[in-house]
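The opening residue of the sequence shown carries number 1 in full-length UniProt numbering; numbering runs sequentially from there.
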Amino acid sequence: MRMLTAEQGEGGSVPYAAGVPILGFGIWLTLLAWRWATGEVHEFLLAETLFLLAPLVIVPLGLPLTSVPVRSGRPSRLFTLAGVLHPIGALALVPAFALELPWQARFALGVPYLLFTVCAALHGLVRLAGRSAFLLEEMTLDVALLVLPGGAIWMLTWLGDFPLLGFQGLWVLLTAIHFHFAAFGCLLLVGLLGRILGSRRTLAPRAWRLYPVVAVGLIGAFPLLAAGIAGFRIIEIIGVTIYVLLLPLVAVLLLVGAVRVDSRSAGRWLLVAAGLALLGSTTLAGLWGLFRPSLVALPTMLRFHGTLNALGFVGLGLLGMRLLHPASRANVAGLVFSRLSSRGRTGPRFFERLAPSDGRQPTGLVDDFSEYARPDFDPLRLDPEVRRFYEHTASYTLWVVPDWKPGFRLGGRLWGWFARQVQQLVLPSAANLQRHGVKGAIVAVDDREDGRERVRGWIRTYESDGSPIYVAAYSSHVAGAMRYMNIAFPLPFSNMTSILRIDHDAPGGTGLRLTSCAQEEVPGGDQGVYLANPVLPLRLPLNETIWVWSSEGTPQTEPPCDDPSVVLRARHEMWFFGRKYMELHYYIQRASETRPG
Numbered sequence: 001m002r003m004l005t006a007e008q009g010e011g012g013s014v015p016y017a018a019g020v021p022i023l024g025f026g027i028w029l030t031l032l033a034w035r036w037a038t039g040e041v042h043e044f045l046l047a048e049t050l051f052l053l054a055p056l057v058i059v060p061l062g063l064p065l066t067s068v069p070v071r072s073g074r075p076s077r078l079f080t081l082a083g084v085l086h087p088i089g090a091l092a093l094v095p096a097f098a099l100e101l102p103w104q105a106r107f108a109l110g111v112p113y114l115l116f117t118v119c120a121a122l123h124g125l126v127r128l129a130g131r132s133a134f135l136l137e138e139m140t141l142d143v144a145l146l147v148l149p150g151g152a153i154w155m156l157t158w159l160g161d162f163p164l165l166g167f168q169g170l171w172v173l174l175t176a177i178h179f180h181f182a183a184f185g186c187l188l189l190v191g192l193l194g195r196i197l198g199s200r201r202t203l204a205p206r207a208w209r210l211y212p213v214v215a216v217g218l219i220g221a222f223p224l225l226a227a228g229i230a231g232f233r234i235i236e237i238i239g240v241t242i243y244v245l246l247l248p249l250v251a252v253l254l255l256v257g258a259v260r261v262d263s264r265s266a267g268r269w270l271l272v273a274a275g276l277a278l279l280g281s282t283t284l285a286g287l288w289g290l291f292r293p294s295l296v297a298l299p300t301m302l303r304f305h306g307t308l309n310a311l312g313f314v315g316l317g318l319l320g321m322r323l324l325h326p327a328s329r330a331n332v333a334g335l336v337f338s339r340l341s342s343r344g345r346t347g348p349r350f351f352e353r354l355a356p357s358d359g360r361q362p363t364g365l366v367d368d369f370s371e372y373a374r375p376d377f378d379p380l381r382l383d384p385e386v387r388r389f390y391e392h393t394a395s396y397t398l399w400v401v402p403d404w405k406p407g408f409r410l411g412g413r414l415w416g417w418f419a420r421q422v423q424q425l426v427l428p429s430a431a432n433l434q435r436h437g438v439k440g441a442i443v444a445v446d447d448r449e450d451g452r453e454r455v456r457g458w459i460r461t462y463e464s465d466g467s468p469i470y471v472a473a474y475s476s477h478v479a480g481a482m483r484y485m486n487i488a489f490p491l492p493f494s495n496m497t498s499i500l501r502i503d504h505d506a507p508g509g510t511g512l513r514l515t516s517c518a519q520e521e522v523p524g525g526d527q528g529v530y531l532a533n534p535v536l537p538l539r540l541p542l543n544e545t546i547w548v549w550s551s552e553g554t555p556q557t558e559p560p561c562d563d564p565s566v567v568l569r570a571r572h573e574m575w576f577f578g579r580k581y582m583e584l585h586y587y588i589q590r591a592s593e594t595r596p597g
């Protein structure tokens, strides 16, 4: 069977069988024609036939577009496993729905599809956890994958003829249909639409500003609708109202997106057709959900709303996206994380057992700052003292003044208690403007133990009592044309890794900025703060930016310092869920200089 490239990425591609949705559509049409010829068109069999369109056609159309490029060139294992399980699970559903079998056999035939949906949901979870930047369109795709097991559970309930949450009979099957089309299919299409609008946001700025309202609203509307159907009428009305208001906007955005893509592609006109079909299905949904008794009969909803939504909106829309294949702005998967972790406490002696056998003795956080050169960053423009600090860090001493922001001081004290127990990441006390002397040491770390290249440790302790501030293993990695600073802080059975992008502090400036924050112009960079572990590396809701200047180049906005021995100044800003919770102001001296009293 010919293989179709699902998504091109650094170092290779992710394969997916192109014939699966074609074969599935052929099977579905055959089943539909057979039932039509035999006169079996009552609402139960119509609903079953409509449901089968999802696993046979809709899922294999959309799943390849969620693949994550891996920089090693090897496909994601979860995505590969999902690609193997899907045909097995989908084909097993055909006899389960088409033949008169005992419920036990029908249920057993549905289990492989449930296993596939669990694998697809885990694929979505891994996508979500490892992304360096918050990209709403990609999160919408993640949510689409995460709802699939819910639809499979309702499908198994129908096959086993069980009640679930007070529902039984046809309502169970209709709920499974809604999970696959109104949730998975709709959110998948909206996420892919976001890729088109995001890549052309300068050409369609109004559509891009409207997109977050539509995406977030639809992500929230489905659980509201589900809760409402479960018995809370007012919540159901709210959920239906959100759908009725937002889906026409989706149709408009589909038309805008179609205008912005290649006019030579058939995908453009499929998006137009999907948008027009959506307008019709939304009208019927409003007449059904907002009025009691409903103005539209159930068989009419199945024949017209179901067909327009499944074949027209979701089916044609995903086929169009498959032809257009909008590219993701997300970072390529496969970041290199340190393997270092502690079994309890970290402490300043952590690196003693990790000394390399080659006798390497680094003196700084980097050997040569020129390694970070790229067209938009010239290390030679940096003030020589700034560059020397990173290349000969051991020859400097420093003191730090914390500035905790209102609302975070209690949290700082709670974190401080935990940090002191594990002797790692002990931030200065929440007493603002208190000066803390800091001692530092640079040690070599065995690359084989860490898993990265040219690793060195920076151990910082408080000068007053020798207690640890942090123990960090420094390295770097290259992705594309960018070299990132890759810093690991060993924690119990994991480590916190901060990946920093390096830039000039300002155009023409001689200072330095290191940041984990995503750049608007390059949202797919590797920078970010992660919890690295063997199971599921997780992008944390933390960010940091470090500014470093020579004493002469320090901005006037920084606190004044009249100590002539201070040769460098630095500001370390930290954010939690986008709110700055503290700043650390560093005053750095040559080790031979006399420290202030």
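C-beta atoms are modelled at their ideal positions from N, C-alpha and C, and glycine is treated no differently. Note that this is a predicted model, so its numbers are computed, not measured.
Which of helix, strand or coil does DSSP assign to residue i?
i	result
D367	coil
L398	strand
V455	coil
H436	strand
H325	coil
L101	coil
P406	coil
S338	coil
H477	strand
A506	coil
Q589	strand
V261	coil
T545	strand
G528	strand
M568	The sequence given here places Leu at residue 568; Met does not occur at that position. L568: strand per DSSP, three-state reduction.
L427	coil
P490	strand
L380	helix
P468	strand
E558	coil
T117	helix
E573	strand
Is it the case that the Cβ atoms of residue i and residue j are separated by a distance below 9 Å?
i	j	result
A258	L316	no
S341	F179	no
G312	L255	no
S429	G412	yes
A333	S76	yes
D562	L335	no
R513	V548	yes
A96	P60	no
S476	Y372	yes
V314	G217	no
Y396	F369	no
P64	I88	no
Measuring alpha carbon to alpha carbon, tell me which residue in the options is nearest residue i.
i	options	result
I321	Q556, R195 and T157	It is worth fixing the name first, because residue 321 is Met in this sequence and not Ile. For the residues Q556, R195 and T157, the minimum Cα distance to M321 belongs to R195.
G437	W399, D450 and F116	W399
H585	G411, A221 and T554	T554
V250	L189, L225 and L512	L189
P534	G130, L61, W28 and A121	G130
F576	N543, S132 and P362	N543
R387	R268, F97, A215 and R569	R569
E125	L145, V426, L203 and M485	The amino acid occupying residue 125 in the given sequence is Leu; Glu does not appear at that position. L125 has its Cα closest to that of L145, out of L145, V426, L203 and M485.
E449	E138, S338 and P362	S338
S263	V94, I235, L324 and P490	L324
E385	P69, F184 and V567	V567
Measure the C-alpha to C-alpha separation of residue i and residue j and round it to an integer number of angstroms.
i	j	result
D376	T515	15 Å
V20	V84	11 Å
G169	T241	26 Å
Q423	A473	15 Å
L319	D367	51 Å
L279	L270	14 Å
G524	R329	5 Å
C517	P362	28 Å
A479	T30	49 Å
L295	V252	Note on L295: pLDDT 49, under 50, position unreliable in the model; the coordinate value appears next. About 26 Å.
E137	V214	11 Å
G151	D142	15 Å
W103	V70	42 Å
Tell me, please, whether the CB atom of residue i is closer than 9 Å to any CB atom in chain B?
i	result
G553	Checking the listed chains, one finds no chain B in this structure; it contains a single protein chain.
Minimum length 4: unbroken alpha helix (DSSP H) runs contained in the segment 132 to 162
Counting only runs of at least 4 residues, the segment 132 to 162 fully encloses the following alpha helix (DSSP H) elements, listed from N- to C-terminal order: 136 to 146 and 148 to 160.
May I have a chain-ordered list of the alpha helix (DSSP H) segments no shorter than 4 residues that lie completely inside the segment 199 to 258?
For the segment 199 to 258, whole alpha helix (DSSP H) runs of length 4 or above, ordered along the chain, are 205 to 229.
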